[in-house]
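Worksheet: one structure, shown below.
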Amino acid sequence: MTFEWIHIAYAALTLFIVINYGMIMTALVRKIGARVGGRYGIPIWQNYIDLAKNIALRSKITHGVMYYLGPVFRLTGGVGLLLFVPTIYGSVMFQNFSYAGDLILALYFVFFGTLGMALGAGESGHPHSAIGVSRGLAQVTAAELPLALGVYAISLQYQTLNITEIVAAQQGSIFNWTLFTNPLTTIAAMFAFVGTMMRSPFDVVLAPQEIPIGPPTEYHSAYLALMQTNRVLFPVAKVVIYMNLFFGGATNWAEFAIKVFAIYMVSVLIGVVYPRFRVEQSIRFFLKWGLPVGILAILTV
Amino acid sequence: MLPTIAMATGFALILMGLYGALTHRNILRMILGFTIASTGVNVVLVSVGYMPGRTAPIMDSAVPVADAAARVIDPVPQALVLTAIVIGLGVTALMLAYAYRLFRIRHSLDISKFTELKW
Amino acid sequence: MTTKFTTRSFVALVLLALLGVAFWTLAAGYTPDAELNRTAAYYAENTARETGAQNIVTAIIVTYRGLDTLGEVTVLFLTAAIVALVLGQSKAPRGGSGSGFLPSGELLQTGTKMLLPIIMLFGAYVFVNGHLTPGGGFQGGAILASGILLLLLAEPKRRFGHALISRVESVSGLVYVLIGIAGIVLAGGFLDNRILPLGTFGALLSAGAIPLIYTLIGLKVGAEFSSILESLEETEDA
Amino acid sequence: MTLLAPLAAAGFGLAMIGAALMALRARSTAVAVLAAGLVSLFASVLFLILAAPDVAMTEAAIGSGLTTFLFFYVLGRIRREGYDDD
Amino acid sequence: MVSAIFIIAAGLGAAFLLGLLKEDQKASAFAITVAALGFMSWVAYDWAVALTTGRAAPVDILTAGAEPPFAINLRMGVAEAWLATVIGVTGLVSAFYLRPALMRLGRRAMAVLLVMTMALTGLVLTRDIFNLFVFFELVVIATGGLVLLSDDERAVAAGFKYLVVSQIISLLLLIGIIFTYHANGSLNIDDIAATPMMFTGAGLAIFLVLIALMLELKPFPANGWALDIYEAAHPGFAAIFSAASGTAALYAADKIFAAAGPDWLPLATVLGLLSFLGSGVLALKQTNDRRLLGYSSIGQIGFVLAVVGQRDILGESYLYIAGGILITHAVAKAGLYWLSGLVKGRGLDDWAVLRANPLLVFAFASFVAMLVGLPPFPGFYAKWDLMHALAGSDRLVVLGLILLGALIEAGYMFRWFGYALKREVREAFPGFATDKTAVVLVALAAGWALGFVWGAASANPNLLTALPILFALAFLVLEPLPAWAKNILAIAGLVGWFVWRYPGYDPLQMIFAVVMILGGAVILLASFYEKGRRIGFYPPTMLMYAGLALLIEAQTSFEFFAAWEVLTIGSYFLILRGRMGEPHALSYILFSLGGAFAILAGFAVASMGVQPFALDNLKALAEAAVPSAPWVFVLLAVGFMTKTASIGLHIWLPGAHAEAETDVSPMVSGILLKAGLFGLFILLMNMGHQHLWGVDLTEVLVWIGALSAFLGALMAIFQEDAKRLLAYSSISQLGYALFGLALMNHVGWLLAMMFVINHYIYKSMLFLAVGGVYKRTHTKLMYKMGGLITLMPFTFVSVLVGIIAMSGVPPLSGFGGRWLFYNAIMASDLRLPMVLIFMSGPIAFLYLFRLIHTIFLGQLKDEHRRLKEAPFWLVVPQMIFVLALLAFAVLPGMALQKVDGYIGSFFGDEPLIWSGRAITSTFGHWNPVAIMGVIGVVFVTVLALLLWMNHNAQKVKQFNIVFSAERPFKPQTTHFAWNFFAPYRKAMGFLVMPLVTTFWGAITDSLHSTADFTRRFYTGNGQTYAVQVLFFVVATYLIAMGGAS
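Chains as they are written, first to last, in our numbering: chain A, 1 to 301; chain B, 1 to 119; chain C, 1 to 238; chain D, 1 to 86; chain E, 1 to 1045.
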């Protein structure tokens, strides 16, 4: 596949759909959470309100170039991740730029935003930012491990690194999904999924109780707006990968909406049940539970 | 018979001399032990060259040149011993001089007192 | 001084016993030769012809194994030099000299004066006749030295020909080496005695250079012994 | 000769060993030196029996004579400087 | 030609002549002495040259006009001539060195010196066993005299102990001689050889002769007496005692061994090795320089004795090998003793005064290299041939022990050299005596000349004619030039060499040549920063590059090994230059030499003794499935992995890289480590899969690579020192490369190749960047920095680019490595090691973030507010690297496509398809340009968006931050940097327990405590020494003869 200008328009469309979907879905999740807790909760368009408010904010400061670029990196990371992965299977429009690279590109591009964010937060000079970064990075090394193993396992299973081909292999019946053909791998990957969604019990990085809010401490106004955009976009992009790899992908936007929501809810539900872990606890958790499952997965594939 | 006795004596002297040299702490007595031992060596050497029923390796009226080969004993060990004796004296003299020098340093002849160099 | 039976002596005993085993093995394996071995046989047969010496031992020492003998003389030379060095570095306390264990009396002094020429003559006789009879340069040299010894005993305070002794030693040594080299030039090799005619077998002046060499050895050895004794006697000048 | 020589040799051998023992055991160094000289002297006789007159002369003159004197010289000097070994 | 007898006649004649002089005619006496020694040396040298060049044939010199064995004869052959030359020249030069002492003691002392030299020559020349005894006694007595030249009163006691032991030796010798005579009817050595004596009663006789001669070699452990002499004697005499006496005594022993027949050779082997190893271990604990040298002498002589024990298999090369080691030792040891006379203090660190004269430092280094057997000295060629002969005859135990002994020796010699270069000079230094210095330089010149001679005589190429090495050595002469001039020359040399040579390179060589040679030139740009003359920098640097240049081109195992040693030496001196480099340089050289010895053993075993051995022959070895092939593989792999610092062999690296100078760190990290990879490439390319006990060795390598990658990264994240962090990261990165190589598939190799390039670029860049920061802040501790981004923007950019590249985050080139990595593991059957690799990726991200954060981000410290950007010349290469990284990120095909094809020729496959800018593999695809494009567009769009919304953001002060419930107090407390990954340490810290360090530490500790325990036996009591000697004799007797015969 080679580049054509129309691809840019297609990509923009994907982006538009996903951002809006993300805005509504995350708000919906929060609302459900509130209702379960007996509260009324936020309005469903709350995210749009926040975004607008942040963009409109007038007091704007900067701590330096990297600080300025941090959110840019962050959002680029989210957008890029989404665009390097095919969204809708079988649709030419929503293949995005997946011809630039395969699964490995997606896997490593996750770190792009993280790195930029960390750098920006670092330049703010706020110690809490640095502490948050330190915790986040420490935790993610252990949390990503089961995913890496899972990815390795399924690429062995399907003998390809191409996401589209992996999705193609899962078509036909629900029992062709990796979830059923290779449950161990799926479980391993879900460890990583839960661990990297920044939700309880693995949300010490943002740790609102002890510290204002971790890495984004110093960010406000438009910076925060960009980050908020990313915060609705990035989880969805990530879920899309999981969906493609383990849950048969999506052949249309409706299937997409349902599957993403369902997968997303997994982390929400776990978060409701478990209290927060300290960093070393979560590292040990992933090494003790995630890692063995991952190893089993690659050995049995 | 004769050479065996002499040889045994020689070996005994060597061992005795060495024993003296290894056990006496007095430097002079050590040297003395070595001279006894070297006397023993000389005895052994000479006895190796001895051949029963023959005479000293000097050709004179008793031993004409023609049958010297059948009449005299092996002259080589004797020549060697001669050298060995003189060398032995040289070494002994040297050791004695050293002994005196050591005595002057420490005012003692005890070998176990000269151990500044070690390890 | 009694030797206490210490660990050291025990260890020494054990080691020497084991060494004794080795020696015993040697002695037990030894059988005297019935015939001369080929080296000895060669000497017995050819000494007279090749060197003209009656005393085979002398022929071996001076000629066949002349290099050993040269080394031997050098040993004494070295010892004399080093003893002088060793004692030279430690000056004896003033006032004392002489061996200190024999009183030197009138009798000794007179006796020495009478005996000395005889001893010297005897020494010379021994080394000059080395190729004919038992004895030679070393024995003769030792006898010469004993004359000097007597002199030292008799007159410990007397300063006598140190320079002379040293000169005799050096000259005889040098000549010895030169004779050796002459052997290369005039005869079959270093220290070959045939640079001089072999002469009549059994005569005093025979056997080529052997008497000459033995004389030199005698002088040299005598000088060296004397020098050693002297060094031990007096240290002030070294 | 055949019997006499070994007997004489054995006798002198024993004498040498005895003298050597004396040299080892003697309290006084001077006595020990004399005993060692005696060993050499006996040795020179043994050399004569072993048909080695040259060696015998040398041993007598150098081994027992000069060596003993050397010892006494050194011993004398050391004594004079105040050493007492007995 | 003057007959050799005149050597002896001249020595004696002159000695006697001295007696005619008056006591006060000292000057004339000295003139006579020198003239005689000169004459003796000249005669010997004349013979040596004539015999070597074939102008003369070996001659027997008869005495007394009779044939041997009836008269004594001497022999002048090649060996005799050279040894006599060594002895004569040592005597001559020592005479000059000893001049003050000789003048003080007068003509007698000079006569003794003359006789000593004469007697040693006689010992070498004579063919008569009793004559040997006479010369031996002369040597003993002369030694007794020359010991007194010392000002040290303890020398008297030492001399006496020596005499005591000599008495025992001569006693044994005489008895042995007479019984040998009785058994053979001859005293002539050649006659004895004609009728070799077996283990009979006569065998015991020859045993006594042999043991007496070996005692004269001061065998461990019966050698306390000799050591006392070495320690207390005048260094001028110690030089003779070690160089000339040792040599002569060894040759004497050799003669008798030759005569005694091959049945006795194991005795020489065992006792030789015992001495070599035993005195090596004991030397570890020595604090007195001369005593240490004494141990070294004994060890070296033991080494040669062990070689004597191998004469049955060495054949023609025996003289070349034994002579090479023996003569090198003589020259080096004489030189070192002469040097020790220039040093006042007797402690090892007192040698630091040598730094006052770089020439003497060079001499010291050369002598150490000679002793250890490093190129280009004779010992190197000799060791090479020896190992091949041993391997060819399956004497592997001997081979191993010799190498072990050499390693121990290297340990204490290099430790000492480190002291000399790095320790403080404690007292004011009065200057060196010029005549003594001149004497040392004579030895130095002789050593190099011998190196040339041995190289020329070698069947292998002469290293001293190799252009790169000559170029490096030329910098020794150029030292007076200013640094910038030398730098220009160095860069020109490297570039010129590359331009000249590259047309002949295959793609593999090409890649390495670009990285090592051109890459070296780029790094050298940074060296323009240094002012002054920078003495001692360029020779080792260029030596290292010379080694690398030769390594790339090596065709035979010899060329490869020689180049390897050369680059090791060069880099050692470079690392030693670092500020706190001493211990690290030592552990570097020890690991490197250990590795080199493994390589040597590997090549020797591989070649089965047949030289020359082309590297390609490894392939034949593997194909023929020779039983030794897996062992060759193991040895070579271990050797190469010491350079790549794979886990277990890595402990030298962090310190060595961290303490090196700013421009040296990138050289030793970015370039030097690649030498190991190059070796591994060659090894795996030729030998492929080898199995040992059913285990595929490449799988073992995969595991080692994975462990290195993982543990290296893990250790890196806990470092506070920036350079150490980078150093550990190198371990990890090279682990990746090793891993890729060992996967043994096409993509894996490509991955390794990519690491070669990438790691060179970003590690050099990061080291330079951190070095630049260090130049400004004067600290390497990251928590003391912070907020430097605005002050050092260029440096920041290079670090930023570097860490993005290194962490593998798209779009920079590091990602390409990851992509290849996944493709490589997909094609492999191994699964488990991948877990470690998966884990180390994110961990690398951790330490890299820490690096950039704690240095450049966060709070700027008050004391750093006035800092400037790093020096211009440090930034220049960094910017070149940044550009290279960006280019390589977009166009990886540039370098890799060719290599890909080349690798394909090995595996016979084409898993990657290069179409335009995109690469497609069996499993996936990668389009670097597209990635760059997408990311670029998105980034710019988002940035534009932000600028549009936020163009009027106001720059605020450092402390203007939202701080909960407290006020930021000072930058130090506000900068979160120390123990940055504390939670990680809590969870994973147990994995970085210094087990490996503890392991190697335990080994060295046990060696040291063995040494400390053993040396208590050297009580200093002469009588005890005598008992030990006797014990040695009896024990050897019981073991060798079984006490039976």
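Here a beta-carbon is modelled for each residue, glycine too, at the ideal position from N, C-alpha and C.
A quick note: this is a predicted structure, and the numbers were derived from the prediction, not measured.
| Check | Outcome |
| --- | --- |
| So A/T76 packs on E/V942, CB below 8 Å; how close in whole Å? | 5 Å |
| Going by beta-carbon coordinates alone, are E/A563 and E/L550 separated by less than 8 Å? | yes |
| Looking at the strands, I want to know which residues DSSP matches up with E/A918. | E/S915 |
| What residues are listed by DSSP as bridge partners for C/F190? | E/T63 |
| Closer than 8 Å by beta-carbon distance: list the chain E residues that pair up with C/N55, in chain order. | By Cβ distance, chain E contributes nothing, its closest Cβ being about 16 Å from C/N55, past 8 Å. |
| Is the beta carbon of E/S275 closer than 8 Å to that of E/G299? | yes |
| With distances taken Cα to Cα, identify the nearest neighbour of E/S279 among E/G302, E/R850, E/P480. | E/G302 |
| Buried or exposed: B/I111, going by 16 or more other Cβ atoms within 10 Å of its Cβ? | buried |
| Nearest to D/L46 by CA position, among B/L22, B/Y100, B/A21, B/L2, is which residue? | B/L2 |
| Got a sec: which bits of the segment 75-90 of chain B sit with their beta carbon under 7 Å from any beta carbon on chain C, in order along the chain? | P75, V76, Q78, A79, L82, T83, V86, I87, G90 |
| Whole angstroms is fine: what's the gap from E/I961's alpha carbon to A/A121's? | 12 Å |
| Counting C-beta neighbours from all protein chains within 10 Å, is the total for E/K218 16 or more, i.e. buried, or is it exposed? | buried |
| What's the gap between the Cα of C/I181 and the Cα of C/S231? | 32 Å |
| Indicate whether E/A252 and E/L123 have their beta-carbon atoms separated by less than 8 Å. | yes |
| Please decide whether E/V1027 counts as near chain C, where near means a Cβ-Cβ distance under 8 Å. | yes |
| Since E/M1072 is in the beta strand (DSSP E), which residue starts that stretch and which ends it? | This structure cannot speak to residue 1072 of chain E, because chain E is shown only from 1 to 1045. |
| Can you pull the chain B residues whose beta carbon is under 8 Å from the beta carbon of C/G20, in chain order? | F11, L15 |
| According to DSSP, E/W926 sits in a beta bridge with which residue or residues? | A/G101, E/I919 |
| Have a look at E/A752 and E/K436 and give me their C-alpha separation to the nearest angstrom. | 54 Å |
| Counting only runs that start and end within the segment 212-257 of chain E, where is the alpha helix (DSSP H) found for 4 or more residues in a row? | 224-232, 235-239 |
| Compute the beta-carbon to beta-carbon distance between E/I491 and E/L524, rounded to the nearest angstrom, for a pair I have assumed lies under 8 Å. | 5 Å |
| So with CB distances below 7 Å, who are the chain C contacts of E/T63? | G66, L67, G189, F190, L191 |
| Identify, in the order they occur along the chain, each residue of the same chain with its Cβ nearer than 7 Å to the Cβ of E/L725, setting aside the five sequence neighbours on each side. | A716, Q719, Y847, L851 |
| What is the rounded straight-line gap between the Cα of E/A95 and the Cα of E/V34? | 7 Å |
| Is E/F475 buried or exposed, if buried means 16 or more other CB atoms sit within 10 Å of its CB? | buried |
| With a threshold of 8 Å between beta-carbons, can A/I304 be considered close to chain E, or not? | As displayed, chain A neither begins before 1 nor continues past 301, which places residue 304 of chain A out of reach and without an answer. |
| Of the residues that make up the segment 54-67 of chain A, which ones have a beta carbon closer than 7 Å to any beta carbon in chain E? | I55, K60, I61, T62, H63, G64, M66 |
| Give the residues from the segment 16-49 of chain B that approach chain D closer than 9 Å (Cβ to any Cβ), ordered along the chain. | M16, G17, Y19, G20, T23, H24, N26, L28, R29, I31, L32, G33, T35, I36, S38, T39, G40, N42, V43, L45, V46, S47, G49 |
| Count the other C-beta atoms from every protein chain shown that fall within 10 angstroms of the C-beta of E/P480, then say buried if there are 16 or more, exposed otherwise. | exposed |
| Of all the options E/D151, E/A155, E/F130, which has the alpha carbon lying nearest to the alpha carbon of E/G176? | E/F130 |
| Taking all protein chains shown into account, decide if A/N47 is buried (16 or more other Cβ within 10 angstroms of its Cβ) or exposed. | buried |
| Does any residue of chain E have a CB that is nearer than 8 Å to the CB of A/Q159? | yes |
| Would you call the CB atoms of E/V2 and E/D46 closer than 8 Å? | yes |
| Suppose you measure from the CA of A/E210 to the CA of A/H128; what does that come to, to the nearest Å? | Annotation note: pLDDT 49 at A/E210 (below 50); position unreliable, no value reported. |
| Where does B/D110 fall in DSSP's three states? | strand |
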